[in-house]
Amino acid sequence: MSFISKFLRNSFDKEIDGTGLAVFRIVYSFFLLCEIAQMFYFRHLIFDKIPYIELAEINFAIPISIWFLSVLFILFGAFTRFFTILNYLMSLILIGSIGSYEYHVFYAYMGVNFLLIFLPISQCFSIDRLIQKLKYSNTTFQYNPSKKVKQLYYFLPLFVAIGLVYFDSIFVKLTANSWLQGLGMWMPSSFPMMVHNNLTFVLNNKIVMLFLGYLTLIFEALFIFLFFRKKFRILMLIIGVGLHLGILITFPIPWFALIFISLYLLLVPVSFWQKVFKIKSYKKTLKFYYDAECPLCVRTKIIITHFDFFNKIEFKTVQFDASEDTGLNDIDRNTLLDDIHSVDLKGTVFSGVDTYIQVLKRIFYLYPISLLLRVPGIYHLAKKVYAYVALNRTNERCTEENCGYNPPEIPNDSNIKLLQNYNVNDLKLSLFKLLIYSLSFAQLIIILNSPLSNKFYAFTGFEKSKIHSYFSAFNRNLISTTKPLFGLTSHNVFIDDIHYKGYQHIIAILYKNSVTNEEVWLPIIDKNGQPSYYNYGTNWRKVSFSMNNPNINLKILNDGVRDFTAFWASKNRIDLKDATFLIKVKKIDSPKGWEKDFLNKQIAKPWIDGGFIQWNDNQFSSQIKDIESL
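Under our numbering, the residue at position 2 of the sequence shown is numbered -18, and the numbers go up by one with no gaps.
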């Protein structure tokens, strides 16, 4: 414990560049927005009792939109503290206990979204940072907030969302024959309904698949002990990103793979990000002339500089630098003071709105705005707005008093002594220690009820004791609290006894057009038996492990078919007053060991009749056959 305490103290005291934390914030938020957008599209499928027929008690478009908006603000780093709290609350409401549509990445969302509340993720590349610059700058002083953050802040999301997850999963995987035989990667990749890409050329190489299977086991077992050590970080980064790129290519859970890759970005050395965004490494392509004595112009310069990550724009003052450009010599000095001018590498002079178009053109992620400003009508409106602002600035004689800022206040000696007497950093470190120890202890309790632990209890006879029954009940109650709040739970991912032992059937749904007699495959399972575009992310979990699974529950299957057909029918304007959907079944084999061309053999299996379902006057009736006995 003393080693852990010393490490936490050292990593908390050590301050490093916060650029990597900002890059993580942007990438993580972007992929979370993609997940939320998918949830928005499928909201009636996920939340309605019967999609578009028996609606949910509330309109989920509103809370999902609020969640989307909160994450969008986090992406841009605007009012971050408030929106990280809102983001956590909305994720708690919408995915904390979502039920049958829950899938593994939700646990990562809950853990990371909770931590974002406390991490300085807006220290770099954020609107919050720009607000600080503008608040404390004036024509004689430009405030530049520190980019430094505690090194511990890089480690926390990795520890909670990856380290604890991997460590727990080992106590499950070590009881699964597929993982012990090195087939933990091969087996799930060999079922058609689980993969959206056919990677037979890799699956047929047994040595490669065994290597990847055992590498995953070793990597997950060691990650929590090595990721924070400097000499292992690059290795952990390469293996982790590689494994999740494999998941992205193989399985229809893109946001799961990409979210974890965004977490691995925290292992990228900060020196790499410093080199990427190094000022002198990019050629300046536009000279921007501004009035150095005008606070509004200085503010404009600060804003542009803030967004110009790659420093493509060179700033010059009208007072001292305008004479060096021959293109500006013919322009009256008063005109230069009244209007913004710029010069490109060809010597072309731009002014007013045209200057801003050139600026936006050179900031790659703002380039679309520059195109928008060139559209006739929008361009002329922008010119009128700009002319009004420029005239107002000139008429009001902009000074420090009417459009300036206050310089930053430096703490006096009494404030410094107060801070020394009450060490805020020590309090923060103590709180972070409490958080880390509490989450670790909770995950340890969950591990003590894992399949591997239970095998040991069965061997010793402890499993039959009253203490074990009480402990199991306590464990279940603990998970019911920690899973929705922090994503801490048991991680049974791709375990043969749970997920695919005896999984011998693929179920597809077709719509039969009563007029043309045409059969249309619903985009859930395609003709190969592989996931189609409805069957991604949370829907894939629903289709593959709730509706269909090794041991089919007919009620769950019927409810799932009802919901998907109702949703698809509404999206495709199919009248459910009279509609028939056919059920097709592909009987497949359940592998007992590695087999060459296993995936292709299953794809080649024929489809057989599995019954049908009928919609009459928006009422659902099922005639699905006993799938297990076919």
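Cβ coordinates follow ideal geometry from the N, Cα and C atoms, glycine included.
Note that the structure is predicted; figures quoted are calculated from it, not measured.
- As the crow flies, the alpha-carbon of Asp543 is around 37 Å from that of Asn434.
- Residue environment analysis places Phe105 among the buried positions, since at least 16 neighbouring C-beta atoms fall within 10 angstroms of its C-beta.
- For a cut-off of 8 Å, the C-beta gap from Asp148 to His471 is around 5 Å, short enough to register as a contact.
- C-alpha of Ser331 to C-alpha of Asp319: approximately 7 Å in a straight line.
- Annotated as proximal: Ser80 and Ser526, with beta-carbon spacing under 7 Å.
- Between Ile101 and Ala2, the beta carbon gap of about 7 Å places them in contact (Cβ cut-off 8 Å).
- Judged by DSSP in its simplified three-state form, Glu294 adopts strand.
- Where Gly0 is concerned, the enclosing alpha helix (DSSP H) starts and stops at -1 to 21.
- Ranked by Cα distance from Arg456, the first of Arg23, His176, Ser430 is Ser430.
- Between Asn508 and Thr180, the CB-CB gap reaches or exceeds 7 Å.
- Proximity of the region 68 to 82 to the region 514 to 528 meets the contact definition, three or more beta-carbon pairs being nearer than 8 Å.
- For the pair Tyr134 and Phe(-8), the Cα-to-Cα distance works out to about 10 Å.
- The residue from Gln254, Phe290, Ser452, Thr155 with its alpha-carbon nearest to that of Phe344 is Phe290.
- Cα atoms of Arg354 and Leu346: separation of roughly 13 Å, rounded to the nearest angstrom.
- Counting other Cβ atoms within 10 Å of its Cβ, Phe191 stays below 16 and is therefore classed as exposed.
- In this structure, the straight-line span from the alpha carbon of Ile54 to that of Leu13 is close to 10 Å.
- Burial state of Ile198 is exposed, judged by a 10 Å Cβ sphere holding fewer than 16 other Cβ atoms.
- Each residue's CA atom was taken as its position, placing Leu468 and Phe121 some 48 Å apart.
- In the displayed model, Asn538 falls within a helix according to three-state DSSP.
- A Cβ-Cβ contact shorter than 7 Å links Ser602 with Asn538.
- Non-local beta-carbon contacts of Asn531 in its own chain, meaning distances under 8 Å to residues more than five positions away in sequence, involve Gly482, Glu608 in chain order.
- In summary, Asn177 is exposed, with fewer than 16 beta-carbon neighbours lying within 10 Å of its beta-carbon over all protein chains present.
- Judged by beta-carbon spacing, Pro586 lies beyond the 7 Å limit of Phe578, meaning their Cβ atoms are not closer than that value.
- Using a Cβ distance threshold of 7 Å, Thr265 and Lys296 do not count as a contacting pair.
- In summary, Lys557 is exposed, with fewer than 16 beta-carbon neighbours lying within 10 Å of its beta-carbon over all protein chains present.
- The Cβ atoms of Gly57 and Trp253 do not sit closer than 7 Å to each other.
- A residue is called buried once 16 or more other Cβ atoms fall within 10 Å of its Cβ, and Gln423 is buried on that count.
- When the five nearest sequence neighbours on each side are left out, the beta carbons in the same chain lying within less than 6 Å of the beta carbon of Tyr491 are those of Val500, Phe561, in order along the chain.
- For Phe600, no alpha helix (DSSP H) run applies; the uninterrupted beta strand (DSSP E) run containing it begins and ends at 599 to 604, by DSSP.
- Between the alpha carbons of Gln103 and Leu245 lies a gap of roughly 17 Å.
- For Phe252, the enclosing alpha helix (DSSP H) stretches over residues 250 to 256.
- Taking 8 Å as the upper bound for CB-CB distance, Asn515 and Pro232 are in contact here, some 6 Å apart.
- Arg209 and Ala201 have their C-alpha atoms roughly 15 Å apart.
- If you check the CB distance, Tyr89 and Ser71 come in under 7 Å.
- Counting of Cβ neighbours within 10 angstroms places Val51 among the buried residues, the total reaching 16 or more.
- Residue state for Pro100 is assigned as coil, using DSSP reduced to three classes.
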